[in-house]
Amino acid sequence: MASHFPAKANTSGLFRPFWYIFPRERVGVSLSVHPVSISFHTSMSLLVVGSIAYDTIETPTARRENVLGGSAPFFAYAASFFCPVQMVGVVGADWLPEYTEMLQNHGVDTTGIEIVPDGKTFRWSGKYHQNMNDRDTLETQLNVLGSFEPKLPENFRRAQFVFLANGAPSTALAALDQIQGADLIVADTMDLWINNTRSDLDALLKRVDGLVLNDSEAKMLTGEMNLITAARRILTMGPKFVIVKKGEHGAMFVSEYEIYVVSAFPVDKVVDPTGAGDSFAGGMMGYIASRQGTLDGDTIKNALVYGTIVASFGIEDFSFDRYKQINRSNIEERRETFQEMTAF
Ligand code: AMP
Numbered sequence: 644m645a646s647h648f649p650a651k652a653n654t655s656g657l658f659r660p661f662w663y664i665f666p667r668e669r670v671g672v673s674l675s676v677h678p679v680s681i682s683f684h685t686s687m688s689l690l691v692v693g694s695i696a697y698d699t700i701e702t703p704t705a706r707r708e709n710v711l712g713g714s715a716p717f718f719a720y721a722a723s724f725f726c727p728v729q730m731v732g733v734v735g736a737d738w739l740p741e742y743t744e745m746l747q748n749h750g751v752d753t754t755g756i757e758i759v760p761d762g763k764t765f766r767w768s769g770k771y772h773q774n775m776n777d778r779d780t781l782e783t784q785l786n787v788l789g790s791f792e793p794k795l796p797e798n799f800r801r802a803q804f805v806f807l808a809n810g811a812p813s814t815a816l817a818a819l820d821q822i823q824g825a826d827l828i829v830a831d832t833m834d835l836w837i838n839n840t841r842s843d844l845d846a847l848l849k850r851v852d853g854l855v856l857n858d859s860e861a862k863m864l865t866g867e868m869n870l871i872t873a874a875r876r877i878l879t880m881g882p883k884f885v886i887v888k889k890g891e892h893g894a895m896f897v898s899e900y901e902i903y904v905v906s907a908f909p910v911d912k913v914v915d916p917t918g919a920g921d922s923f924a925g926g927m928m929g930y931i932a933s934r935q936g937t938l939d940g941d942t943i944k945n946a947l948v949y950g951t952i953v954a955s956f957g958i959e960d961f962s963f964d965r966y967k968q969i970n971r972s973n974i975e976e977r978r979e980t981f982q983e984m985t986a987f
């Protein structure tokens, strides 16, 4: 991983470090030698609002029907390797309680999952190309997601860290209206919303600190073909930083004064990349939240690495199958291997 600009540059100079963007008072943590002690349930909370899905996945060699997916569960499970997570989403009567249990057992507060008794859970199906990087959406059945109006439980409304995972920008905006005083708000988006609900997306971009999106989506959103230029253009739309995911080529963090890049962890057996983007974001935000919000350049770079490492496990099997086999020490081991691979 390389930083194009010094992480700890002179704050009065051209390249101000990232944490300068977040005044200390706003971040709510002390960067001095006397760190403020913050308890998890008041100000260390990480909230995710997003889709909950039954996915049908086709790869060149296999197919799985109606497996657990959705941006919120992938994010929440990945983030909960690092800190407790509060999850908000909607499901139908076909929701299996064993999934709630799986999330709860991994440190996810599921009281924000709304069950619509006469509805059906959102369904998405996708088919991967031979390269296992590109995919086509075969079908989207919005079902209960189509009329989802998020209602955040009272104790979720003061979350310090918020991730608005892939879903309609209007849903994200409705969730934001219920959140008070968050220190860091990051959103994800995709081509569907860029093409179909642009004015809602523009309104959302003005209210978030960071945006996470794919390389093709960054180009689509801005009309710029160079990713740095595209990311810088997005900075003019509202966010203070942009994280561009480049699939098997890693990810890039861009703020006004910094660029950090991280390669993907080389995985020799990619079984199902679904959810990699959400898991990347989960690992990244979970790590930031676990660091008590210390948003300096080193934390951002480590967060990108943890996001990369967590996602690299998820793609080794379908749905949550690989995640269920690993724990934090597996993540640390792979992180060390990654460090040896990339240090120079
Ligand atoms: P990723 O591979 O990180 O892009 O995430 C894939 C997940 O996003 C799948 O589990 C899908 O259920 C979910 N998904 C696909 N399309 C949508 C959509 N339009 N809104 C919300 N979630 C979606």
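Residue 644 is where the sequence shown starts when you use my numbering, and the numbers rise one by one after that. Beta carbons: idealized from backbone N, C-alpha and C, even for Gly.
Note down the Cα distance separating A830 from T780, rounded to an integer number of angstroms.
Each residue's Cα considered, the two are about 21 Å apart.
Where do the ends of the beta strand (DSSP E) carrying D779 lie?
D779 -> beta strand (DSSP E) spans 778-784.
Between W767 and the ligand AMP, is there a pair consisting of the residue's CB and a ligand heavy atom that are separated by less than 6 Å?
Correct: W767 has its Cβ closer than 6 Å to the ligand AMP.
Just curious, the alpha helix (DSSP H) that F896 is in, first and last residue?
Run containing F896: none in the alpha helix (DSSP H); it sits in the beta strand (DSSP E), 894-898.
The ligand AMP heavy atoms versus the CB of L835: any closer than 6 Å?
For L835, the shortest C-beta to heavy atom distance toward the ligand AMP is below 6 Å.
Rounded to whole angstroms, what is the Cα-Cα separation between R978 and V948?
Taking the straight line from one Cα to the other gives about 7 Å.
At a cut-off of 6 Å, is G713 close to the ligand AMP when judged by its beta-carbon and the heavy atoms of the ligand?
It does: the Cβ of G713 is within 6 Å (strictly closer) of some heavy atom of the ligand AMP.
Which ranges would you report for the alpha helix (DSSP H) in the segment 712-741 if only whole runs of at least 4 residues count?
Counting whole runs of 4 or more residues, the segment 712-741 contains the alpha helix (DSSP H) stretches 714-722.
Could you check whether L854 and P812 sit closer than 7 Å to each other, using their CB atoms as the reference points?
No. Outside cutoff.
Please report the Cβ distance between V692 and A825, rounded to the nearest whole angstrom; I am assuming they are in contact, meaning their Cβ atoms lie under 8 Å.
Going by Cβ atoms, the distance from V692 to A825 rounds to 12 Å, so no, they are not a contact pair.
Looking at the ligand AMP, does it come within less than 6 Å of G926, judged from the CB to the closest heavy atom?
No, since every heavy atom of the ligand AMP falls outside the 6 Å radius drawn around the Cβ of G926.
List, from N- to C-terminal side, the beta strand (DSSP E) runs of 3 residues or more that fit wholly inside the segment 873-949.
Entirely contained in the segment 873-949, the beta strand (DSSP E) runs reaching 3 residues are, in chain order, 884-888, 894-898, 902-905.
Three-state secondary structure assigned by DSSP to S682
Because the pLDDT at S682 is just 31, under 50, the model does not fix this residue reliably, and the value given afterwards should be weighed accordingly. Taken through DSSP and simplified to helix, strand or coil, S682 comes out as coil.
Check whether the Cβ of N809 lies closer than 6 Å to any heavy atom of the ligand AMP, and answer yes or no.
True, at least one ligand heavy atom lies under 6 Å from that Cβ.
Can you give the Cα-Cα distance for T783 and G957, rounded to whole angstroms?
Roughly 22 Å separates the two Cα atoms.
Does the beta-carbon of D921 have 16 or more other beta-carbons within 10 angstroms, so that it is buried, or is it exposed?
Around the beta carbon of D921, 16 or more other beta carbons sit within 10 angstroms, so the residue counts as buried.
For N945, which option in T917, S962, N973, Y903 has the closest C-alpha, if you only look at C-alpha atoms?
Here the closest residue by C-alpha is Y903.
Quick one: Cα of T699 to Cα of F765, how far?
T699 and F765: Cα-Cα distance of roughly 11 Å.
CA-CA distance, L746 and E792?
Going from the Cα of L746 to the Cα of E792 covers about 22 Å.
Distance between G918 and I681 (C-alpha atoms, nearest Å):
Because the pLDDT of I681 is 28, which lies under 50, any placement of that residue in the model is unreliable, and the question is left without a value.
In terms of residues, what are the limits of the alpha helix (DSSP H) holding N973?
Element bounds for N973: 971-985.
Any chance you could list the alpha helix (DSSP H) runs of at least 4 consecutive residues sitting entirely within the segment 841-870, in chain order?
If you keep only unbroken alpha helix (DSSP H) runs of at least 4 residues inside the segment 841-870, you get 841-848, 858-865.
Leaving out the 5 sequence neighbours to the left and right, which residues in its chain are closer than 8 Å to N973 when beta-carbon positions are compared?
Here the set comprises F956.
Cα-Cα separation between I756 and M984, rounded to whole angstroms:
Each residue's alpha carbon lies about 40 Å from the other.
Could you name the residues of the same chain whose beta carbon sits closer than 8 Å to that of R707, not counting the 5 residues immediately before and after it, in chain order?
Around R707: D698, T699, I700, D915, F961, S962.
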